[in-house]
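In terms of numbering that gives the first Met the number 0, the sequence shown opens at residue 0 and continues consecutively.
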Amino acid sequence: MNKLKPLFLFLFATTFLFLGSCKQGKKSQEATKVVTEKHTDKAGFTYETVSNDPTGLRLYTLENGLKVYLSKNTDEPKIQTFVAVRAGSNYDPQEATGLAHYLEHMVFKGTSEIGTIDWEKEKEFLKQISDLYEAHKAENDPEKKKEIYRKIDEISLEASNYSVANEYDKMVQSLGATGTNAHTWFEETVYKNKIPANELNKWLKLESDRFGELTLRLFHTELEAVFEEFNRGQDNDFRKVYAAMLDGLFPQHPYGQQTTIGTAEHLKNPSMVAIHEYFDKYYVPSNMAVVLVGDLDFDATITEVNKTFGKLENKEVVHPKLPKEAPITSPIVKEVYGPTAENISITFRSGGVNTTDEKFVTLCDMILTNGTAGLIDLNLNQKQLVQNAGSSPMFLNDYGFHNFSGTPKAGQSLDEVKELILAQIEKLKKGEFDEWMLEAVINDMKLSQTRQYENSSALASAYYNAFIHHEDWQDKVNFLEELRKISKKELVEFANNFYKDNYVVVYKRQGEDETIVKVENPGITPVNLNRDKKSEYLANFTAKESPALAPQFIDYKKAIKTKNLTNGVEVSYVNNPNNDLFELNFIFDMGDKHNKDLGLAVNYSEYLGTDKYTAEELKKEFYKLGIEYNVGTGEDKTYVSISGLKENLPKGLALLEHFWDNVTPDGEAYAKYVESIQKSRQDTKTNKGAILWSGLMNYGQYGENSPLRNNYSTEALQAKKPADLVNTLKKLKNYKQRIFYYGKDVETAITALNKEHKLPEQLQEYPEAKNYTELETGNKVYFVNYDMVQAEMLFLAKGDLFDADKMAASTLFNAYFGSGLSSIVFQEIRESKSLAYSAFSAYANAAEKEKSNYIYAYIGTQANKMPQAVDAMLGLMNDMPEAEEQFNAAKEAALKKIAAQRITKSNIFWSYERLKKQGIENDNRKAIYEGIQKMELEDLHQFFNENIKGEEYTIMVIGNEKEINFKALEKLGTIEKLKVDYLFNFK
Numbered sequence: 000m001n002k003l004k005p006l007f008l009f010l011f012a013t014t015f016l017f018l019g020s021c022k023q024g025k026k027s028q029e030a031t032k033v034v035t036e037k038h039t040d041k042a043g044f045t046y047e048t049v050s051n052d053p054t055g056l057r058l059y060t061l062e063n064g065l066k067v068y069l070s071k072n073t074d075e076p077k078i079q080t081f082v083a084v085r086a087g088s089n090y091d092p093q094e095a096t097g098l099a100h101y102l103e104h105m106v107f108k109g110t111s112e113i114g115t116i117d118w119e120k121e122k123e124f125l126k127q128i129s130d131l132y133e134a135h136k137a138e139n140d141p142e143k144k145k146e147i148y149r150k151i152d153e154i155s156l157e158a159s160n161y162s163v164a165n166e167y168d169k170m171v172q173s174l175g176a177t178g179t180n181a182h183t184w185f186e187e188t189v190y191k192n193k194i195p196a197n198e199l200n201k202w203l204k205l206e207s208d209r210f211g212e213l214t215l216r217l218f219h220t221e222l223e224a225v226f227e228e229f230n231r232g233q234d235n236d237f238r239k240v241y242a243a244m245l246d247g248l249f250p251q252h253p254y255g256q257q258t259t260i261g262t263a264e265h266l267k268n269p270s271m272v273a274i275h276e277y278f279d280k281y282y283v284p285s286n287m288a289v290v291l292v293g294d295l296d297f298d299a300t301i302t303e304v305n306k307t308f309g310k311l312e313n314k315e316v317v318h319p320k321l322p323k324e325a326p327i328t329s330p331i332v333k334e335v336y337g338p339t340a341e342n343i344s345i346t347f348r349s350g351g352v353n354t355t356d357e358k359f360v361t362l363c364d365m366i367l368t369n370g371t372a373g374l375i376d377l378n379l380n381q382k383q384l385v386q387n388a389g390s391s392p393m394f395l396n397d398y399g400f401h402n403f404s405g406t407p408k409a410g411q412s413l414d415e416v417k418e419l420i421l422a423q424i425e426k427l428k429k430g431e432f433d434e435w436m437l438e439a440v441i442n443d444m445k446l447s448q449t450r451q452y453e454n455s456s457a458l459a460s461a462y463y464n465a466f467i468h469h470e471d472w473q474d475k476v477n478f479l480e481e482l483r484k485i486s487k488k489e490l491v492e493f494a495n496n497f498y499k500d501n502y503v504v505v506y507k508r509q510g511e512d513e514t515i516v517k518v519e520n521p522g523i524t525p526v527n528l529n530r531d532k533k534s535e536y537l538a539n540f541t542a543k544e545s546p547a548l549a550p551q552f553i554d555y556k557k558a559i560k561t562k563n564l565t566n567g568v569e570v571s572y573v574n575n576p577n578n579d580l581f582e583l584n585f586i587f588d589m590g591d592k593h594n595k596d597l598g599l600a601v602n603y604s605e606y607l608g609t610d611k612y613t614a615e616e617l618k619k620e621f622y623k624l625g626i627e628y629n630v631g632t633g634e635d636k637t638y639v640s641i642s643g644l645k646e647n648l649p650k651g652l653a654l655l656e657h658f659w660d661n662v663t664p665d666g667e668a669y670a671k672y673v674e675s676i677q678k679s680r681q682d683t684k685t686n687k688g689a690i691l692w693s694g695l696m697n698y699g700q701y702g703e704n705s706p707l708r709n710n711y712s713t714e715a716l717q718a719k720k721p722a723d724l725v726n727t728l729k730k731l732k733n734y735k736q737r738i739f740y741y742g743k744d745v746e747t748a749i750t751a752l753n754k755e756h757k758l759p760e761q762l763q764e765y766p767e768a769k770n771y772t773e774l775e776t777g778n779k780v781y782f783v784n785y786d787m788v789q790a791e792m793l794f795l796a797k798g799d800l801f802d803a804d805k806m807a808a809s810t811l812f813n814a815y816f817g818s819g820l821s822s823i824v825f826q827e828i829r830e831s832k833s834l835a836y837s838a839f840s841a842y843a844n845a846a847e848k849e850k851s852n853y854i855y856a857y858i859g860t861q862a863n864k865m866p867q868a869v870d871a872m873l874g875l876m877n878d879m880p881e882a883e884e885q886f887n888a889a890k891e892a893a894l895k896k897i898a899a900q901r902i903t904k905s906n907i908f909w910s911y912e913r914l915k916k917q918g919i920e921n922d923n924r925k926a927i928y929e930g931i932q933k934m935e936l937e938d939l940h941q942f943f944n945e946n947i948k949g950e951e952y953t954i955m956v957i958g959n960e961k962e963i964n965f966k967a968l969e970k971l972g973t974i975e976k977l978k979v980d981y982l983f984n985f986k
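Next comes the structure, spelled out in C-alpha cells:
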C-alpha cells in the first residue's frame, strides 16, 4: 500500500538520474565516470553528450545562441516538444505584474501572417487599440476609463473583421498535436506540443515564425479570459496558502512579491507597448531552448531546427538583478481564510539550484517523507496521529524552500499538527533514523527515475528545467552519486544548522476571505471569429505535405500471452523490453458493488501489521527491498499488486503473501481509522471540485440511489468488528482471480507464484453486484451554495446505451465541437464573447456495455456572466455551427492522432481490459479510424441532430447564492437547493 508522493515525483520528473550501486570496484567506478564530451556531426554541428547518461541527450548551441536538447525515444512515432524561455513573473515590471503570463496567452494569437486576412488594414486598428490602452492606463477618472474602454471594445470589433481566431491552434491540430498548452512561472514561460514525428518540419516552421514576431490581436477578449483565470485563483485556497507562504519567505524578492497571474489592478490596466517591449527583450534565441524528445533522427533534426529557429536574430539579454533576502531569525506567521478544510504549512528557505542546500535538503526530505518509511510517514501518517502530513522541496534559481504541510484530525488544532511535524524534524536532527535509510532512499529515487525517463514528456521536462535553471546536464546525471557521498553524520549536522526557528508558518483557517476582489462585467461585444476564412499562411501550411504515417493496431490475442499456475490460475503477461522493472497484479472482478465491506477492509489494512511485523516494520521491510505494494478497490474491481526491480520479485512476493495471510486486526488502529473517515468526509464537504464533479454529477445521474451515497454511517462504521474486516481481506484469496505480469523472465515470476501464492482447490464465485439505475435527465436544476467568486455549471443529458458503432462519430464530434482550443465551444464562449475561462462539451461513451452514454457541457465563469454563458452554451448545443474548413481540420487531426498512437508496455493489457468492459474483443481504433475516414460534415450534422440537439439537460450549479441569478436559472428547470451532507449521504 505504498503511497506515491506527488511533489516528490514532480521534483524528480525534472531530474532524471541513473547510477549504479555505490558498492563497486575501481574498474566499475571508472566505467560509470560522468564527463561532458564534445562532438561534431557530418553537417558540422557541434554538440555535447554526457558519458553514462541513460537519457542519451545531445545538447546543441546554434550560432544565434539557441540551445537545442535532443533525445531519442522510439516507443511511439511522436515527439514531445517544448519551447522554453527564461522569462517569467520575476521579470515583470513592478507596475505591470502578470505581464509575462498575459504575453504567454497572446503568443497563441498569430503574427502579421498567421491569423490575418488583411494585415495592412488590421494593423491600423491594432495601433489605435494600443494607443487607447495607453490612454486608459493613464486615466484616473473611473467614468472616463469606462468611456475609453467602450471605444476599445468598438474598435476591437472592427479589427476582428480582418482577423481569424485560433489559426495557430487549427494548424497544430491539423498536425495531430496533443497537449497544446503553455505555462508561466517565476523564471520561465514554456510552450508545449506533442506531435506526430512525421510532422516535425511543419511544426518547426510554424513555431519559429510565431516566436519571431508578436501580434497583439483579439487583445481585450483574451484579457477577460485571463481575469477569469485570476478569479479561479481567488477560489483556490491552496494557491492562496502558497502565495502567503512565498510572501513570508521572500519579503523583498519577486518570488514572494509578484504573483504570476498579477494583481487585479494591473490586469485591468494593461499596456500593449510594455508587452511588446518584454517580448523583444526576452524572447530571443540566447534566452530560449528548443527541446525535442521522441522518434527523431539527430542529424536531420538539428539541420531542420537550424533552418528555422536558426534564422531568429539574437540579442544580448541581461536579466535584472533581484533583491537578496536577509536571514529569517524567528518564525513568521501568516493566516489565510477560505471555505476548504483547515491545514497548516511550515516552510524553511534554502539555497537554490546548484547549491549544497539542494543536495542535503533533497536527502533530508526523503528521510522525512518518502511515501512509505519516512519519519513522517511512519510516526504520523501510519500511526494516524494527524489526518495527513507530508513534505516536499523546491529549488529555483535564486532560492529554494522545504515545505511541510499537515491536516488536523477532528478536534485537533493546527498548532498540535505543527508541533508533531516539528518533532519529526527534531528526530532527524538527533539522527533517530536507521542507517540503511540513506541507501534505501537513493535506491528509491533511482527506481522512480528509471520509470520516468521511459516517458518522453517527463524527460523533456527535465531538459527544459535544466535550461531554465542554468544547470549542466553532467551535474544532473551525477546528482545521485553526489548524494551517495553524504554520510549520516554530515546529514544530521546539516539538519541541525538548517532547521531552526527560521520558518514561515501559514495557518489555513475556515472563514470568509475579505481580500477577494469583486469585478464587474465589462460588457464585451462579441468579436468576429471568421471561421469560414483563412490566411494565406494557413492555406500554404495546409497544402504542404508531410511524409505518410500509417496507423498500427494491436492483435491483443497475440500481444498478451498466457500461462497457468499449478493451481490453475491464469497469468497474462507482456514482456518489458526496456529495463528490469516489473509489475505483478492480482485482479479480482469484484468491488464495492459486490461487497460494501471490501473497500473498507482494504483501506483499513494500510494501518495493520502481522504476527511477525508491526505495521511500521512491515513498511520498512518493503522499503528495504525497493518494492512498492498496493491494495485498491473500485466499484467492480479489486487489485493487489507489487512492483519494483525484477531481482527482488521473489522476496517481495513472499512478503506480500505473508502480509495477506497473517495480517492481524488492531482495535485502536480501527477506531482511529473511523475517525479519519469522518474527518475526510467533513473535508470533502468543503471541496468544490468534489461537490460538483462527484456529488452533483452522481446525483444528476442516479438521484438518491447512487454509488456515492451507498456508504456506511458513522454509527455503522463504529459497530464493525476489525477482525471481520481482516477476514474479508484474507478471504479475498478464496475468490476467482486473474494475474497480470509485466516484466522480463516470466518463468521466474511463475516459479515465485507457484511457491508463494497458495489457494484453495475450489475458488468461489463473486457475490451479486448491486445495481444502480440511471435516471432520465432534463428540466431540473440542482444547486449547492459555496463561498466562491466564480460559478461553475454542468449540463448533463442521458443518451442511448453504449454503441461501439457511434465511437467514430463521437470522436470526431468532440474534436470539432467541444474539446480543444480550436473547438466551436471554446471559440464561441471564450474567444468571441469572453464569457468564461473554461468551457467545453463532449459526447461521453459509457465505460461498459449496457450503460448509457452521456452528453455533458461545462462552464466556469463569473456569476454575473452566467446567464449570458448559459444562453451561449445552450444555443450551441441546439444549433451546431457548420464550418467546412474547421471540420476538415478536425477530421485530419483525429486521423493523425490515431495514426501516431501506439499502445505499448503494460498498457497493452490495461487497454484490452477497458475494451472488454465495453464488450469489444479487438483493437477498435481500426474501426474508428476507418469510420472517420468516411465521414463528411453532413454525417456529423446527422450525428448531432440524432444525439445532441433537443436533449433535455439536468443542470448542476455550484456558486455563491448571494451572486447567483436564480430567475435566470428558473428558466432552465425546477430549482432544488441541495445540502452537501445529503449529496454524499454523510451521517
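Just so it is clear, CB atoms sit at the ideal spot from N, CA and C, and this is done for glycine as well. Quick caveat, the model's predicted, so the values are computed rather than measured.
Open item on the list: Alpha carbons only, please: which of ALA409, VAL106 and GLY405 is nearest the one belonging to ILE274?
Closed with: Distances from the CA of ILE274 to each of ALA409, VAL106 and GLY405 were compared; the closest alpha carbon is that of VAL106.
Task: Pick from LYS735, ALA808, GLU453 and LYS320 that is closest to PRO576, judged by C-alpha positions - done: When each option's Cα is compared against that of PRO576, the closest is GLU453.
TODO: Using the Cα positions of MET955 and LEU795, report the straight-line distance between them to the nearest angstrom.
DONE: If I take the Cα positions, the gap works out to 8 Å.
Task: Limits of the unbroken beta strand (DSSP E) element including LYS832 - done: Premise fails: LYS832 is in no beta strand (DSSP E) and is neither H nor E.
Open item on the list: Applying the 10 Å Cβ sphere with the 16-neighbour rule, what's the burial state of TYR981?
Closed with: TYR981 counts as exposed, since fewer than 16 other C-beta atoms from the protein chains shown sit within 10 angstroms of its C-beta.
Task: Close beta carbons around LEU564, own chain, < 8 Å, minus the five adjacent residues each side - done: Closer than 8 Å at Cβ, skipping near neighbours: VAL570, ILE738, ILE749, LEU752, ASN753 and HIS756.
TODO: Going by DSSP, name the residue or residues bridged to GLN763.
DONE: Bridge partners of GLN763: TYR734.
Open item on the list: Does PHE432 come out as helix, strand or coil in the three-state DSSP assignment?
Closed with: In the displayed model, PHE432 falls within coil according to three-state DSSP, outside both helix and strand.
Task: Below-8 Å beta-carbon distance, GLU951 vs any chain D residue - done: Looking at the structure shown, chain D is missing, and only one protein chain is on hand.
Task: Three-state class that DSSP yields for ASP443 in the structure shown - done: In the structure shown, ASP443 sits in a helix (DSSP, three-state: H, G or I).
Task: Simplified DSSP state of GLN127, which is helix, strand or coil - done: Helix at GLN127.
Open item on the list: What would DSSP say about TYR572, mapped onto helix, strand or coil?
Closed with: Taken through DSSP and simplified to helix, strand or coil, TYR572 comes out as strand.
Task: Run of the alpha helix (DSSP H) containing PHE908, from where it starts to where it stops - done: Unbroken alpha helix (DSSP H) run through PHE908: 906-916.
TODO: Answer with buried or exposed for ASN946, where buried requires no fewer than 16 other C-beta atoms within 10 angstroms of its C-beta.
DONE: Answer is buried; the Cβ neighbour count reaches 16.
Task: Same chain only: Cβ atoms within 6 Å of ALA340, ignoring 5 sequence neighbours per side - done: Within the same chain, ALA340 has close Cβ partners ASP682 and THR685.
Open item on the list: Considering only DSSP beta bridges, list what VAL189 is partnered with.
Closed with: In DSSP, VAL189 forms a bridge with ALA83 and HIS182.
Open item on the list: For ASP471 and LYS543, what's the separation of their Cα atoms in angstroms?
Closed with: When only Cα atoms are considered, ASP471 and LYS543 end up about 38 Å apart.
Task: Bounding residues of the alpha helix (DSSP H) (the contiguous stretch that carries MET244) - done: Residues 236-248.
Task: Proximity to SER155 [Cα-Cα], best of THR713, LYS864 and GLU121 - done: For SER155, the nearest C-alpha among the options comes from GLU121.
TODO: Please name the residue, chosen from GLU157, ILE151, VAL283 and ALA158, that lies closest to SER207 on a Cα-to-Cα basis.
DONE: SER207 has its Cα closest to that of VAL283, out of GLU157, ILE151, VAL283 and ALA158.
Task: Straight-line Cα distance separating LEU203 from TRP184 - done: Their Cα atoms are separated by approximately 24 Å.
TODO: Kindly indicate which residue of LEU217, LEU65, LYS533 and GLU142 has the alpha-carbon position closest to the one of LYS1071.
DONE: The structure shown does not extend to residue 1071, since the chain is modelled only from 0 to 986, so the question has no answer here.
TODO: Given a cut-off of 8 Å, decide if LEU69 and THR300 are closer than it, judged by their beta-carbon atoms.
DONE: In contact: THR300 and LEU69 (Cβ atoms closer than 8 Å).
TODO: Sort ASP591, SER486, ASP802 and SER447 by Cα distance to ASN369 and report the nearest one.
DONE: Among ASP591, SER486, ASP802 and SER447, the Cα nearest to that of ASN369 belongs to SER447.
Open item on the list: Taking the alpha-carbon of PHE497 as reference, which of GLN932, PHE466 and LYS358 has the nearest alpha-carbon?
Closed with: It is LYS358.
Task: alpha helix (DSSP H) segment containing ASP723, residue limits - done: For ASP723, the enclosing alpha helix (DSSP H) covers residues 721-729.
- [ ] Look up LEU65 in the DSSP assignment and say whether it is helix, strand or coil.
- [x] DSSP places LEU65 in the coil class of the three-state scheme, outside both helix and strand.
TODO: State buried or exposed for ASN230, treating a residue as buried only when at least 16 other CB atoms are found within 10 Å of its CB.
DONE: By the neighbour-count criterion, in which a residue is buried when 16 or more other Cβ atoms sit within 10 angstroms of its Cβ, ASN230 is buried.
Task: Same chain only: Cβ atoms within 7 Å of GLU960, ignoring 5 sequence neighbours per side - done: Within the same chain, ASN784 come within 7 Å of GLU960 by CB-CB distance, once the 5 residues on both sides are set aside.
Open item on the list: With H, G and I counted as helix, E and B as strand and the rest as coil, what does DSSP make of GLU418?
Closed with: In the structure shown, GLU418 falls within a helical segment according to DSSP collapsed to helix, strand and coil.
- [ ] Mark GLY114 as exposed unless 16 or more other C-beta atoms lie within 10 angstroms of its C-beta, in which case mark it buried.
- [x] GLY114 is classed as buried because its beta carbon has at least 16 other beta carbons within 10 Å across all chains shown.
Task: Closest Cα partner of ILE897 within the set PRO407, ASN72, ALA814 and ALA461 - done: ILE897 has its Cα closest to that of ALA814, out of PRO407, ASN72, ALA814 and ALA461.
TODO: Identify whether LYS976 lies in helix, strand or coil by the three-state DSSP scheme.
DONE: Here LYS976 sits in strand by DSSP.
- [ ] Could you spell out the range, first to last residue, of the alpha helix (DSSP H) harbouring MET872?
- [x] Judged by DSSP secondary structure, MET872 falls within the alpha helix (DSSP H) whose first and last residues are 865-877.
Open item on the list: Output needed for SER818: all residues of its chain with C-beta closer than 7 Å, excluding positions within five of it in sequence on either side, in chain order.
Closed with: So the qualifying residues of the chain are PHE839 and ALA841.
Task: Local Cβ density within 10 Å of ALA99, reported as buried at 16 or more and exposed below that - done: In this structure ALA99 is buried. Its beta-carbon is surrounded by 16 or more other beta-carbon atoms within 10 angstroms.
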